[in-house]
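Letter by letter, the sequence shown follows residues 1 to 700 in my numbering.
Where a beta carbon is used, it is the ideal one built from N, C-alpha and C, also for glycine.
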Amino acid sequence: MTFPSHKTSNFFLSLIVGASLTALILFNFPLVYEQPKLGVLYSFIILWMVFSITVGILYKPLYLVAFPIIKNKAWKDLFFIIALALFVVIAIYSASTYYWATPATHQIKICYYSDHPQQPLEIVRIAEAGGEHIYSADLFGKPAYPISIQANSCIGGGLRSTSLWQGLEVVNNIDASKTGDSLVIEVNQNSNKNIFNYQKDALGEDTTFANSGADQGIPIISSKLVNSIFVALKWFSLILGSTYLALFLFALSQSILVQKPGALSPKIALILILIYFFVFGIFMTKISGQPDQDTHNYFSTRFIETWGIPKDDPASSYFTKDNIYLYYWINGSVIKIYNALLPANATRIPNSQIWRFVSVILSAATIFYFYKLAKQVTNNAWGGVLAAFFGANTLMFVFVSSGVSYDNFMSLSAAASFYHLIKIIKKSDYIKHSALLGVWLCAGSLAKNQILLLAFILFSIWLFISIKEKLFLHLAFTRRHIAPLILLCLFAGLFSELYVGNLIRYKKPLPSCSQIKPDRSVCTNFSNRAQYRQEISYEDLWQNRNSIIGPVEYALNYWLFNAVNGIWGIISYQTFVPKFTTSFHALLILWTLLCLARYWRKQDAVMNVLMLAVAAYVIYVFGMNYKNELRYDFRHFAVQGRYLFPIFGAFLAIMINSFLQIRAVFIKRATLVLSIILYFSGGLGAFVFHYYDVFSAWTR
1 MTFPSHKTSN FFLSLIVGAS LTALILFNFP LVYEQPKLGV LYSFIILWMV FSITVGILYK
61 PLYLVAFPII KNKAWKDLFF IIALALFVVI AIYSASTYYW ATPATHQIKI CYYSDHPQQP
121 LEIVRIAEAG GEHIYSADLF GKPAYPISIQ ANSCIGGGLR STSLWQGLEV VNNIDASKTG
181 DSLVIEVNQN SNKNIFNYQK DALGEDTTFA NSGADQGIPI ISSKLVNSIF VALKWFSLIL
241 GSTYLALFLF ALSQSILVQK PGALSPKIAL ILILIYFFVF GIFMTKISGQ PDQDTHNYFS
301 TRFIETWGIP KDDPASSYFT KDNIYLYYWI NGSVIKIYNA LLPANATRIP NSQIWRFVSV
361 ILSAATIFYF YKLAKQVTNN AWGGVLAAFF GANTLMFVFV SSGVSYDNFM SLSAAASFYH
421 LIKIIKKSDY IKHSALLGVW LCAGSLAKNQ ILLLAFILFS IWLFISIKEK LFLHLAFTRR
481 HIAPLILLCL FAGLFSELYV GNLIRYKKPL PSCSQIKPDR SVCTNFSNRA QYRQEISYED
541 LWQNRNSIIG PVEYALNYWL FNAVNGIWGI ISYQTFVPKF TTSFHALLIL WTLLCLARYW
601 RKQDAVMNVL MLAVAAYVIY VFGMNYKNEL RYDFRHFAVQ GRYLFPIFGA FLAIMINSFL
661 QIRAVFIKRA TLVLSIILYF SGGLGAFVFH YYDVFSAWTR
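Printed below as a string of structure tokens:
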């Protein structure tokens, strides 16, 4: 068997595999079928170049790891590669709803007939029937929605879609004074008529479905021979692309297990993941639904006014006095700098969009700390790469990362705090890492008060370790400690001014609206509900104990599933939970616990600290959620998986370390490979393949 040399095979194989992966992506993405031919060609060329370059960079591990196994006929490894390739082929084939679809062109005509020519009809949106994809208004000759149709006139256009197309859904605002007016929609010359006959009090939207003739579009590929070639190329792309992915995943697992330098640098892999996450996050900024953005936009806008703390608006229920501020101060500072650099008459990016970019940058830094933390815990740089990849594909994390939210700074400060605590446990520059631990905990607390709990847990662990190991007795100050200590003094002072001052002034860490506002009537909105809640009567709870949902039942029947769905799915004002994928994430958590039970070692101080911190935080959050459920009669206020993000990096480090402790090589390799596939399919894979039927409707 002649084995191809690296130099002669790299270029051509990269182009072929790049084309195959491009085809797998594009033809699974139904929006491609709506583009003109040149648009599809340009998309293919750009994505082809990106994949070809990436495959070229990642070719070395195949050449050094996977190809020699094929050449030398290492049967166990060959069996694993073949089984993995078949699994990937079957998985992609079964998940490819649109990959085998035949693109077709549909002629659409929409007419409005009325005896009131002075009153046009406005169409709110034109969408795919049976889905949530909204077609662009320019397909019908209009710049944007709503589309106004004059009485007794028509608009028309051509749609490219797939053979799975179910027709149109036209939503329009009905004028209650009209009766007997009609809307006629033709799909491929098949008419669907809707007559308006509403009472005067029947205001609102009306939806007209038009599916007659939806299956009579004109195929873009009319030749049977060309269509057969097209299908054959799809099969070729599926098999070749899946085979490459299987080879690459095997080579990656081998690099993780053996840790030999030369095959692929973990640093290069980390850079690619950060780029991957940044691009994913930028795509996410084009959709809406991130939690509490109106509130965060309001505070960020107020902090543009001054370099300090802005004065409160007496008429608003929001207040800045003695409240958290650091994340908003950063956002306000970014806009002030942006305004100073950009001329007043220049074309501007909206402030909210800039803040969303800032959030993506903060979360990219969080991914970097996931890498550093897991690398320290596993003593394996590839363990850090896996943690970064898993974090970059956690759907709710990326979703929040693309919005204006103080959760992003909180997650960054928490991940950095865990990293510096682990460095202290591993006896690496006690003064520097203690100072930076304090800086991040104080800074995180100034951005969101939820970090106070984690600060208490990690500070307690730091204090215990410092006393037990007598680290106070061996302090050696150098110049490199000056900057961290100055930062610590600064942030500790700001922390004390806010929280200690509030405890003195208000007897609580943060005041309520009614304690700040002279006019308490502005404090009655939903966001201030906590200050009006009634305290729990434990006597009443005991008397009604047989009719109340117990904590165990609540945890097993609701809380655990909601946490999983809210981390690996999206639960917010917009909701998307891929049940099939999230169920496998639940199994992965169970597998992690089994591996911990099997391979945990009492003398492993790093793992002990992480497990203690994670367990304490989870127990507290669960207790807080259950207490609120009792207080608000189980209405599920403030029960979100994202509230566990402060310990998410630590959890990933624990999970990956437990997987790397598995002794059976086959099981360890299968666990790592399947975890990578699962996270991708529930992250960027879910976003891309569900963009057409879910995320395209989540417009800003």
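Worksheet item: Grouping DSSP H, G and I as helix and E and B as strand, with all else coil, what is T301?
Response: Counted from its first residue, the sequence shown places residue 301 at position 301. Here T301 sits in helix by DSSP.
Discussion item. My output table needs one value for S153: the three-state DSSP class, helix, strand or coil.
Written reply: Taking the first residue of the sequence shown as position 1, residue 153 is located at position 153. In the structure shown, S153 sits in a strand (DSSP, three-state: E or B).
Practice prompt. Locate the alpha helix (DSSP H) running through A129, then write down its first and last residues.
Written response: Here residue 129 refers to the residue found at position 129 of the sequence shown. Neither: A129 is in no alpha helix (DSSP H) and is coded neither H nor E.
Worksheet item: Hey, is the region 15-23 in contact with the region 80-95, meaning 3+ C-beta pairs nearer than 8 Å?
Response: With a cut-off of 8 Å, the region 80-95 and the region 15-23 do not count as touching, because too few Cβ pairs lie within range.
Fill in: Neighbour-count burial assignment, D519, 16 or more Cβ in a 10 Å radius
The count along the sequence shown starts at 1 and reaches residue 519 at position 519. So D519 counts as exposed.
Discussion item. Between the alpha carbons of H585 and I185, how many angstroms are there, rounded?
Written reply: Along the sequence shown, read from residue 1 onward, the residue named residue 585 stands at position 585. Along the sequence shown, read from residue 1 onward, the residue named residue 185 stands at position 185. One C-alpha to the other measures close to 45 Å.
Worksheet item: With respect to the alpha helix (DSSP H) encompassing K267, which residues constitute its N-terminal and C-terminal limits?
Response: Here residue 267 refers to the residue found at position 267 when the sequence shown is read from its first residue. Residues 266-284.
Worksheet item: When DSSP builds the beta bridges, which residues end up paired with K109?
Response: As a position in the sequence shown, residue 109 is number 109, starting the count at 1. Paired residues: G156, E186.
Fill in: Spatially closest choice to Q189 from I195, G157, L249, by CA coordinates
Translated into the one-based positions of the sequence shown, residue 189 becomes position 189. With distances taken between Cα atoms, Q189 lies closest to G157.
Worksheet entry | S136 versus K372, L674, L168, residue with shortest Cα-Cα distance | As a position in the sequence shown, residue 136 is number 136, starting the count at 1. Nearest of K372, L674, L168 to S136, Cα basis: L168.
Item to complete: Under 8 Å Cβ to Cβ from F230, same chain only, skipping five residues before and after it: list those, please.
Response: Position 230 of the sequence shown, counted from the first residue, corresponds to residue 230. The residues are I221.
Worksheet item: Do F687 and F695 come within 8 Å of each other at the CB atom, strictly closer than that value?
Response: Your numbering for residue 695 matches position 695 in the sequence shown. Your numbering for residue 687 matches position 687 in the sequence shown. Yes, the Cβ-Cβ distance between F695 and F687 is below 8 Å.
Worksheet item: When you compare only the Cα positions, how much space is there between I53 and W698?
Response: Counting from one through the sequence shown, the residue named residue 53 turns up at place 53. Counting from one through the sequence shown, the residue named residue 698 turns up at place 698. Rounded to the nearest angstrom, the two C-alpha atoms are 32 Å apart.
Worksheet item: How should F397 be labelled, buried or exposed, when 16 other C-beta atoms within 10 angstroms of its C-beta is the threshold for buried?
Response: Position 397 of the sequence shown, counted from the first residue, corresponds to residue 397. The residue in question, F397, is buried, as its Cβ has 16 or more Cβ neighbours within 10 Å.
Discussion item. Quick check: the Cα distance between S405 and N565, rounded to an integer number of angstroms?
Written reply: For the purposes of this step, residue 405 is taken as residue 405 along the sequence shown, with counting starting at 1. For the purposes of this step, residue 565 is taken as residue 565 along the sequence shown, with counting starting at 1. Spanning the two alpha carbons is a distance of roughly 20 Å.
Worksheet item: Is P120 near N152, with beta carbons less than 8 Å apart?
Response: The count along the sequence shown starts at 1 and reaches residue 120 at position 120. The count along the sequence shown starts at 1 and reaches residue 152 at position 152. Against a cut-off of 8 Å, the Cβ pair of N152 and P120 comes out as no contact.
Worksheet item: Counting pairs of beta carbons, one from the region 19-34 and one from the region 233-241, are three or more of them closer than 8 Å?
Response: yes
Worksheet item: Taking C-alpha atoms, which residue in F399, V400, F370 lies nearest to A387?
Response: The residue given as residue 387 occupies position 387 in the sequence shown. Out of F399, V400, F370, F370 has the C-alpha closest to the C-alpha of A387.
Worksheet item: Three-state secondary structure (DSSP) at D201?
Response: Within the sequence shown, the letter at position 201 stands for residue 201. Legend: pLDDT at D201 = 46, less than 50; position of this residue unreliable, value from coordinates given subsequently. It is coil, neither helix nor strand.
Worksheet entry | Simplified DSSP state of T208, which is helix, strand or coil | Here residue 208 corresponds to residue number 208 of the sequence shown, with the count starting at 1. Strand at T208.
Discussion item. Looking at the secondary structure, which residues open and close the alpha helix (DSSP H) in which N393 lies?
Written reply: Here the question's residue 393 lines up with position 393 in the sequence shown. Premise fails: N393 is in no alpha helix (DSSP H) and is neither H nor E.
Item to complete: Report the residue from A415, F389, W355, V360 whose alpha carbon sits nearest the alpha carbon of N373.
Response: Working through the sequence shown from its first residue, we reach residue 373 at position 373. It is Leu, not Asn, that sits at residue 373 in the sequence shown. Cα-wise, what sits closest to L373 is A415.
Worksheet item: Is the distance from the Cβ of Y709 to the Cβ of Y554 below 8 Å?
Response: With the chain covering only 1 through 700, there is no way to say anything about residue 709.
Worksheet item: Taking three-plus beta-carbon pairs below 8 Å as touching, is the region 504-513 in contact with the region 462-481?
Response: Because the criterion of three Cβ pairs below 8 Å is not met, the region 504-513 and the region 462-481 do not touch.
Item to complete: Determine the direct distance from the alpha carbon of F409 to that of A304, and round the result to whole angstroms.
Response: Within the sequence shown, residue 304 is the residue found at index 304, counting from 1. Within the sequence shown, residue 409 is the residue found at index 409, counting from 1. Note that residue 304 corresponds to Ile in the displayed sequence, not to Ala. Rounded to whole angstroms, I304 to F409 spans 18 Å at the Cα level.
Discussion item. I need the DSSP call for A176, collapsed to helix, strand or coil.
Written reply: If you number the sequence shown from 1, residue 176 lands on position 176. Below a pLDDT of 50, predicted positions are generally treated as unreliable, and A176, at 49, falls in that range; no measurement from the model is reported.
Fill in: N-terminal and C-terminal residue of the alpha helix (DSSP H) that D407 is part of
Sequence index remark: in the sequence shown, residue 407 carries index 407 (1-based). Unbroken alpha helix (DSSP H) run through D407: 407-425.
Worksheet item: When the cut-off is 8 Å and only beta carbons count, does F389 lie next to chain C?
Response: The question asks about chain C, but that chain is absent: this structure has only one protein chain.
Worksheet item: How should E34 be labelled, buried or exposed, when 16 other C-beta atoms within 10 angstroms of its C-beta is the threshold for buried?
Response: On the sequence shown, residue 34 is found 34 positions in, with the first residue counted as 1. E34 comes out buried.
Practice prompt. Determine the closest residue to K224 out of L421, T102, K432, with distance taken between C-alpha atoms.
Written response: For the purposes of this step, residue 224 is identified with residue 224 of the sequence shown, where counting begins at 1. Considering only alpha carbons, the answer is T102.
Worksheet item: Thinking C-alpha only, which one of L421, A392, P350, D294 is nearest A613?
Response: Here residue 613 refers to the residue found at position 613 when the sequence shown is read from its first residue. Closest by alpha carbon: L421.
Practice prompt. Could you round the C-beta distance between Y112 and I149 to whole angstroms and report it? I think they count as a contact, below 8 Å.
Written response: Walking along the sequence shown from the start, residue 112 turns up at place 112. Walking along the sequence shown from the start, residue 149 turns up at place 149. So it is a contact: roughly 4 Å between Cβ atoms.
Worksheet item: Would you call the CB atoms of S413 and I361 closer than 8 Å?
Response: Numbered from its first residue, the sequence shown carries residue 413 at position 413. Numbered from its first residue, the sequence shown carries residue 361 at position 361. Not closer than 8 Å, so no.
Worksheet item: So is A340 buried or exposed if we call it buried at 16+ other beta carbons inside 10 Å?
Response: For this step, residue 340 is matched to residue 340 along the sequence shown. Exposed, because fewer than 16 other Cβ atoms sit within 10 Å of the Cβ of A340.
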